[in-house]
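Undergrad: Residue 327 in this note's numbering sits at position 297 of the sequence shown, with consecutive numbering throughout.
For each residue, glycine too, the CB sits at the ideal point set by N, CA and C.
Small disclaimer: the values here were computed from a predicted structure and weren't measured.
Just dropping this structure here.
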Amino acid sequence: MAAQCVTKVELTVSCDNLLDRDIGSKSDPLCVLLMNSSDTQWFEVARTEKVQNCLHPKFAKKFVIDYYFEIVQKLKFGIYDIDNKTIDLSDDDFLGELECTLGQVVSSKKLTRPLVLKNKSPAGKGTITISAEEINDNRVVNFEVQARKLDNKDFFGKSDPYLEFYKATGTAWQLAHRTEVVKNNLNPTWRPFRIPLQSLCGGDMDKPIKVECYDYDNDGSHDLIGNFETTMTHLIEASQCSPVEFECINSKKKQKKKGYKNSGVVVVKLCQVQLFYSFLDYIMGGCQINFTVAVDFTGSNGDPRSPQSLHYISPQGVNEYLSAIWSVGNVIQDYDSDKMFPAFGFGAQIPPTWQVSHEFPLNFNPSNPFCAGVLKGVVEAYRVCLPQVKLYGPTNFSPIINHVACFAQQALQQTSASQYFVLLIITDGVITDMDDTRNAIVKASRLPMSIIIIGVGGADFTAMEFLDGDDGRLRSQTGEAAMRDIVQFVPFRQFQNAPSQALAQSVLAELPQQVSSFFSLFKLKPPQEPNPS
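If you want it as structure tokens, here you go:
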């Protein structure tokens, strides 16, 4: 009998006294969560944000995982000092880890343990604290916030303000959300954001909420501009016509300065509680996941007849491209009712004219590029196509992204969350049209669409850095920011010795949240209301 998910659990992570691996500054820590699917194999579930120059980080990003009472769920929390933009953590300094079980965390509610190094010796005086909370409230709070006349904390230029929202937990405050930094601005407007109601106040509309406003400093010594306390009952009075205003008070300044009034005013223009449908609510309510495969046929893959080629099909009938298609497609196909999947190639010269194409159907039928099933249709189309094309180049992603985006744009005309599109691109990693691809992804971020990129072969995938903007968001050539993060990249060879399901678990881990958050953002409900359990 299959294990039953008892509930979802939200894990909040903080650390103290981390090792300092940086010369002239402090470590820039990030926490990665891994789970164990067998006795020896660990796979990555998610990562927090990086906290700049900080040995006592409180991570704003939470880990949400399914809790199965009857299964021992092994967890590993790894802390790394991030010194570059590469996705691979092997080139970053390791600051320590903790292995435990989800049961231990859940039963403790708050677990503090020393961090250890790979050889199990103590990681200095470093400790990690994990707080667990059951998610039993599916409401979210949408915010639009700005401020005016904030104190200037910088000698040169103006303050770089950001906000932190804290939930009251007994005698302490727990970080619920951190906004982005608005550079050089005493009258900032932050991007709209949302916080789960449970994370903010545990569903209690009268529980205290603390908001702190800081001036960001690169060295990590962020200056407190001021703070205030409020409740959801007060916050939800805010509307575009009638914003709610809060004086930002700096208690130290208030004690020292006679006639002190405030350190600026935080203006809540919108605070709206909304029911948040889960991924399963959308799927069970009739939303279709449309899966498209795009395969890289550029010359850098090598001659398919040579065993050194990434397209070489071994006597066992496999290569890295086929393994990636099998692994991800096997999971995705369950969410598509007709099991018909469009499959394309790019970067090859194709018959009969031998022109280079960046979006040709693997079955060479432009009017019907659909393949019946992943394991049979897509795989067979790839096998038949391979000897008929000439590998060429360049490696352009934008045509196939724009191709799928056209269909996602049409789906957006619907009044309900009827369709969501997932594009799987399998590539050897040398991207040519970075600017056009960046523009295409920013445009697609406003559509019901996600992109999974699997890098095959041993190439240096640092070229994928273009997927991350300076402030964590991808930007187009014109500076337009992506509305949301829709790209997930993984190097295939990280999973070569892992169980077959590990690759799919890693690349698809973020998809449910991307689907539900997109439809929530556009206030689209499932086609049919899911039946209450």
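Under the rule that 16 or more other beta-carbon atoms within 10 Å means buried, what is residue 74, buried or exposed?
TA: Taking a 10 Å sphere around the C-beta of residue 74, we find 16 or more other C-beta atoms and assign the residue as buried.
Undergrad: For residue 312, which residues in the same chain have their Cβ closer than 7 Å to its Cβ, ignoring the five residues on either side in sequence?
TA: 447, 545, 546, 549 and 556
Undergrad: Roughly how many angstroms separate the alpha carbons of residue 239 and residue 65, rounded to a whole number?
TA: 33 Å
Undergrad: Just how far apart, CA to CA, sit residue 483 and residue 323?
TA: 10 Å
Undergrad: Just the C-alpha distance for residue 165 and residue 97, rounded to the nearest angstrom, thanks.
TA: 11 Å
Undergrad: Please state whether DSSP places residue 45 in a helix, a strand or coil.
TA: strand
Undergrad: Round the Cβ separation of residue 132 and residue 107 to the nearest angstrom and send it over; I've been treating them as touching at under 8 Å.
TA: That pair is no contact at about 11 Å.
Undergrad: Please say whether residue 88 and residue 79 have beta carbons closer to each other than 8 Å?
TA: no
Undergrad: Residue 309 CB to nearest chain C CB: under 8 Å?
TA: Given the protein chain composition of this structure (a single chain), no chain C is represented.
Undergrad: When you compare the stretch 456-466 with the stretch 420-439, are there three or more beta-carbon pairs, one atom per stretch, that lie closer than 8 Å?
TA: yes
Undergrad: Note down, in chain order, each residue of its chain lying with its Cβ closer than 8 Å to the Cβ of residue 385, except the 5 sequence neighbours on either side.
TA: 379
Undergrad: Determine, using beta carbons only, whether residue 293 and residue 282 come nearer to each other than 8 Å.
TA: No, these two residues do not count as a Cβ contact at 8 Å.
Undergrad: Can you give me the start and stop residues for the beta strand (DSSP E) that residue 66 sits inside?
TA: 59-66
Undergrad: Rank 115, 368 and 310 by C-alpha distance to the C-alpha of residue 494 and give the top, closest one.
TA: 115
Undergrad: Taking residue 479 as part of the beta strand (DSSP E), name the residues at either end of that continuous run.
TA: 479-485
Undergrad: Counting only the same chain and skipping the five closest in sequence on each side, list residues whose C-beta sits under 6 Å from that of residue 187.
TA: 214
Undergrad: Quick one: is residue 110 buried, meaning 16 or more other Cβ sit within 10 Å of its Cβ, or exposed?
TA: That one is buried.
Undergrad: I want to know whether the stretch 298-307 touches the stretch 164-178 - three or more CB-CB distances under 8 Å.
TA: yes
Undergrad: I need the straight-line Cα distance from residue 375 to residue 279, nearest angstrom please.
TA: 59 Å
Undergrad: By DSSP, does residue 215 sit in helix, in strand, or in coil?
TA: coil
Undergrad: Just the Cα atoms here: how many angstroms apart are residue 372 and residue 339?
TA: 25 Å
Undergrad: Taking 8 Å as the threshold, find out whether the stretch 285-300 comes into contact with the stretch 393-409 through three or more Cβ pairs.
TA: no
Undergrad: Are the stretch 340-357 and the stretch 385-398 in contact at 8 Å, needing three or more beta carbon pairs?
TA: The stretch 340-357 and the stretch 385-398 do not touch, with fewer than 3 CB-CB distances between them shorter than 8 Å.
Undergrad: Does the count of Cβ pairs from the stretch 515-524 and the stretch 412-419 closer than 8 Å reach three?
TA: no
Undergrad: Starting from the Cα of residue 332, find the closest Cα among 297, 377 and 365 and give me that residue.
TA: 377
Undergrad: Counting along the chain, where does the alpha helix (DSSP H) carrying residue 474 start and finish?
TA: For residue 474, the uninterrupted alpha helix (DSSP H) run begins and ends at 464-474, by DSSP.
Undergrad: Can you have a look at residue 191 and say buried or exposed, based on whether 16 or more other CB atoms are within 10 angstroms of its CB?
TA: buried
Undergrad: Among 268, 469 and 527, whose alpha-carbon lies nearest the alpha-carbon of residue 508?
TA: 469
Undergrad: Measuring alpha carbon to alpha carbon, tell me which of 455, 474 and 456 ends up nearest residue 441.
TA: 474
Undergrad: Considering only the beta carbon of each residue, do residue 229 and residue 206 sit closer than 8 Å?
TA: yes
Undergrad: Do residue 39 and residue 242 have their CB atoms nearer than 8 Å?
TA: no
Undergrad: Going by the beta-carbon positions, is the gap between residue 160 and residue 43 smaller than 8 Å?
TA: yes
Undergrad: For residue 155, count the other beta carbons within 10 Å of its own beta carbon; 16 or more makes it buried, fewer makes it exposed. Which is it?
TA: exposed
Undergrad: Could you pull the DSSP bridge partners for residue 209 from this structure?
TA: Answer is none; residue 209 lacks a bridge partner.
Undergrad: Would residue 300 pass as a contact of residue 217 if the rule is Cβ separation under 8 Å?
TA: no
Undergrad: Taking the continuous alpha helix (DSSP H) assigned at residue 429, which residues delimit it?
TA: Unbroken alpha helix (DSSP H) run through residue 429: 428-441.
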